[in-house]
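The structure appears below as structure tokens.
In the numbering used here, the protein residues as written are 1 to 81.
Written as structure tokens, this is what we have:
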């Protein structure tokens with residue numbers, strides 16, 4: 001986290017926002033360009049971390065991160081030559 005915060009409640013809030021953003025969009029508040037002032041304002045307004053992240057993602061039309069999954073075919077499903 002950037003800067004020094006005196007409020008543990010805000011620290012916990014930002015950590016949860018970062019966790020959710022990293023999980024769903026592979027970015028954190030720094031990557032998103034959120035300043036300390038922005039974060040402080042949303043925290044003081046009583047936004048829940050999940051609600052804030054959902055709002056931010058919708059506002060900026062973020063594309064949710066989907067883990068890459070390899071598709072494998074069973075040997076018996078391969079066409080016979």
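Cβ atoms here follow ideal geometry from the backbone N, Cα and C, with glycine treated the same way.
- Under the rule that a run must span 4 or more residues, the alpha helix (DSSP H) segments found entirely inside the stretch 42-77 read 49-59.
- Excluding its 5 nearest sequence neighbours in each direction, residue 49 has C-beta neighbours in its own chain below 7 Å: 13, 16, 17, 20, listed in chain order.
- By the CB criterion at 8 Å, residue 52 and residue 60 fall outside the cutoff.
- Taking 8 Å as the upper bound for CB-CB distance, residue 10 and residue 40 are in contact here, some 7 Å apart.
- Around the beta-carbon of residue 29, 16 or more other beta-carbon atoms lie within 10 Å, marking it buried.
- Sixteen is the threshold: since fewer than 16 other Cβ atoms of the shown chains lie within 10 Å of the Cβ of residue 68, the residue is exposed.
- A direct Cα-Cα distance of roughly 15 Å separates residue 56 from residue 46.
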